[in-house]
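In the numbering used here, the protein residues as written are 2 to 75.
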């Protein structure tokens with residue numbers, strides 16, 4: 002498996018937390034020195050281990066925001 006690196010550029014907030022301390026978060030992350038993307042995924046308390054997640058461009062995040070507004074009856 003190829004190695005990868007990441008840098009959390011900004012932490013926006015915790016969406017939820019498990020009983021074992023893992024958190025689902027929205028962060029801005031640069032993967033492999035690439036342009037930062039908005040990222041939703043589960044993290045261990047030390048941010049060393051992570052679960053599967055989803056990375057979004059700013060445009061995709063804006064589209065998701067609009068969809069969520071419609072779902073919630075904005």
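Note that the Cβ used here is the ideal one computed from N, Cα and C, for glycine as well.
Every value quoted in this text rests on a predicted model; they were computed, and no experiment measured them.
Check: Since residue 54 is in the beta strand (DSSP E), which residue starts that stretch and which ends it?; Outcome: 51–57
Check: For the candidate residues 27, 70, 34, whose alpha-carbon lies nearest to that of residue 5?; Outcome: 34
Check: Note down the Cα distance separating residue 50 from residue 68, rounded to an integer number of angstroms.; Outcome: 30 Å
Check: Let me make sure I understand the geometry here. Which of 3, 22, 36 has the alpha-carbon closest to that of residue 56?; Outcome: 36
Check: Helix, strand or coil for residue 62? Go by DSSP, reduced to three states.; Outcome: helix
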